[in-house]
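A.B. asks:
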Amino acid sequence: MELFSSLTPVFIAIICVLIGIILKSNRKNSKKGKSETKNKSESRPWVDDDLRDSTDLHEEEEDADGDWQGLDENIAHVSFSAERYSKGEMIKRSKEFYELLNKRRSVRFISDEPVPREVINNVIKAAGTSPSGAHTEPWTFVVVQDPEVKHRIREIIEEEEEINYKKRMGDRWVNDLKRLRTNWIKEYLDTAPYLILIFKQVYGMLPNGQKKTHYYNEISVSIACGILLAALQNVGLVTVTSTPLNCGPRLRVLLQRPKNEKLLLLLPVGYPSKDATVPDLTRKPLDDIMVVM
Numbered sequence: 004m005e006l007f008s009s010l011t012p013v014f015i016a017i018i019c020v021l022i023g024i025i026l027k028s029n030r031k032n033s034k035k036g037k038s039e040t041k042n043k044s045e046s047r048p049w050v051d052d053d054l055r056d057s058t059d060l061h062e063e064e065e066d067a068d069g070d071w072q073g074l075d076e077n078i079a080h081v082s083f084s085a086e087r088y089s090k091g092e093m094i095k096r097s098k099e100f101y102e103l104l105n106k107r108r109s110v111r112f113i114s115d116e117p118v119p120r121e122v123i124n125n126v127i128k129a130a131g132t133s134p135s136g137a138h139t140e141p142w143t144f145v146v147v148q149d150p151e152v153k154h155r156i157r158e159i160i161e162e163e164e165e166i167n168y169k170k171r172m173g174d175r176w177v178n179d180l181k182r183l184r185t186n187w188i189k190e191y192l193d194t195a196p197y198l199i200l201i202f203k204q205v206y207g208m209l210p211n212g213q214k215k216t217h218y219y220n221e222i223s224v225s226i227a228c229g230i231l232l233a234a235l236q237n238v239g240l241v242t243v244t245s246t247p248l249n250c251g252p253r254l255r256v257l258l259q260r261p262k263n264e265k266l267l268l269l270l271p272v273g274y275p276s277k278d279a280t281v282p283d284l285t286r287k288p289l290d291d292i293m294v295v296m
């Protein structure tokens, strides 16, 4: 009895140590579980690294001096004047332009009828008038008209898109697309007379081999894409904005583009086929997209 009494404090100490170890282990497992859950919830396997916003400035993309970007410090400034219209003419032109663009639709049924190459040159020149961060013009428009190259592009995209639809995108996204009747089959990539692939230059290269920062490169190229869509609508051509997820690296290699370029958008361009259809969609009214203060 006395021996048991003398050992009781020892047993209590051992039990306390064991309880402490168990609680510590449980806390670690709990934190690990929360971390895994958080990582799992934050994981978006459909996200394409090429489409991530890369406008942040990184030290390695700046030159060693930190101030020379190969830009002319003494660039000339010239006088500027714009066409001035009467109030009535302004309203008329703004309405006509809206009505033109309001007819724009994403068309997936594109004819193989030839389109004048000069038209393509002009709409891309129009896109090249877009503003850009520090006037770096960080865009490359790759025009593909060769049937074999177009078909290889289709093979790459359909291979990845099937995986996207079945695994990466998730049920919610796939269900949202059902009403638009889209899938991973992209016949228009073969039939469209032109494929325009727009690459963003995430940085430039200086004559001395150092990297040149391209400020807001993704926003700049996105604005250029918007102007390109308007220019295509203006000449009566159709397209569908395509962001081929997880295809960028393979398409970049196929088209022999340098490593500083990442695919942002792909546009099949041509006339609509005679049996073309589009979803009967409506656009939000002005009150839903504009706030006046």
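Going by our numbering, the sequence shown opens with residue 4, and the numbers climb by one from there.
Glycine is no exception: its CB is placed at the ideal position from the N, C-alpha and C atoms.
Quantities reported herein were computed from a predicted structural model and do not represent experimental measurements.
(1) May I ask you to verify whether the stretch 131 to 145 touches the stretch 285 to 292, counting CB pairs closer than 8 Å and requiring at least 3?
(2) Can you tell which of L266, V238 and T246 has its C-alpha closest to the C-alpha of R120?
(3) Cα-Cα, which of T143, S276, Q148 and R253 is closest to N220?
(4) Straight-line CA distance for R157 to K128?
(5) How would you call T139, buried or exposed, if buried means at least 16 neighbouring beta carbons within 10 angstroms?
(6) The beta strand (DSSP E) with Q204 in it runs from where to where?
(7) Would you tell me roughly how many angstroms separate the C-alpha atoms of S223 and R175, rounded to the nearest one?
(8) Return the chain-ordered list of same chain residues with a C-beta closer than 6 Å to the C-beta of L258, the five sequence neighbours on each side being excluded.
(9) Would you call the stretch 197 to 213 and the stretch 267 to 279 touching, i.e. three or more CB-CB distances under 8 Å?
(10) So, S276 versus I113, is the Cβ gap smaller than 9 Å?
(11) Based on the DSSP output, what are the partners of T242 in its beta bridges?
(12) Does DSSP put T216 in a helix, a strand or coil?
(13) What separation, rounded to the nearest whole angstrom, lies between the Cα atoms of N263 and K214?
(14) Please state the DSSP three-state secondary structure of T143.
(15) Determine the closest residue to L266 out of N249, A279, D278 and Y274, with distance taken between C-alpha atoms.
C.D. replies: The relevant details are as follows:
(1) Result no; under three Cβ-Cβ pairs closer than 8 Å.
(2) If you number the sequence shown from 1, residue 120 lands on position 117. With distances taken between CA atoms, R120 lies nearest to V238 out of L266, V238 and T246.
(3) Translated into positions along the sequence shown, residue 220 becomes position 217. With distances taken between CA atoms, N220 lies nearest to T143 out of T143, S276, Q148 and R253.
(4) In the sequence shown, counting from the first residue as 1, residue 157 sits at position 154. In the sequence shown, counting from the first residue as 1, residue 128 sits at position 125. Taking the straight line joining both Cα atoms gives about 26 Å.
(5) Numbered from 1 along the sequence shown, position 136 holds the residue referred to as residue 139. The residue is buried, with at least 16 neighbouring Cβ atoms inside 10 Å.
(6) If you number the sequence shown from 1, residue 204 lands on position 201. Its beta strand (DSSP E) spans residues Y197 to Q204.
(7) As a working mapping, residue 223 is identified with position 220 in the sequence shown. As a working mapping, residue 175 is identified with position 172 in the sequence shown. Whole-angstrom Cα-Cα distance: 30 Å.
(8) Translated into the one-based positions of the sequence shown, residue 258 becomes position 255. V145, listed in sequence order.
(9) Yes, the stretch 197 to 213 touches the stretch 267 to 279.
(10) As a first step, residue 276 is located in the sequence shown; it is residue number 273 there, counting from the start. As a first step, residue 113 is located in the sequence shown; it is residue number 110 there, counting from the start. Closer than 9 Å, so yes.
(11) Taking the sequence shown and counting its residues from 1, the one referred to as residue 242 is at position 239. Residue pairing by DSSP places T242 opposite S109 in a beta bridge.
(12) Numbered from 1 along the sequence shown, position 213 holds the residue referred to as residue 216. T216 falls in the strand class under three-state DSSP.
(13) As a position in the sequence shown, residue 263 is number 260, starting the count at 1. As a position in the sequence shown, residue 214 is number 211, starting the count at 1. If you take the alpha carbons of N263 and K214, they lie about 9 Å apart.
(14) To locate residue 143, count along the sequence shown from 1; it is residue 140. Of the three classes helix, strand and coil, the one that applies to T143 here is strand, per DSSP.
(15) In the sequence shown, residue 266 corresponds to position 263, counting from 1. Checked all of N249, A279, D278 and Y274; the closest Cα to L266 is N249.
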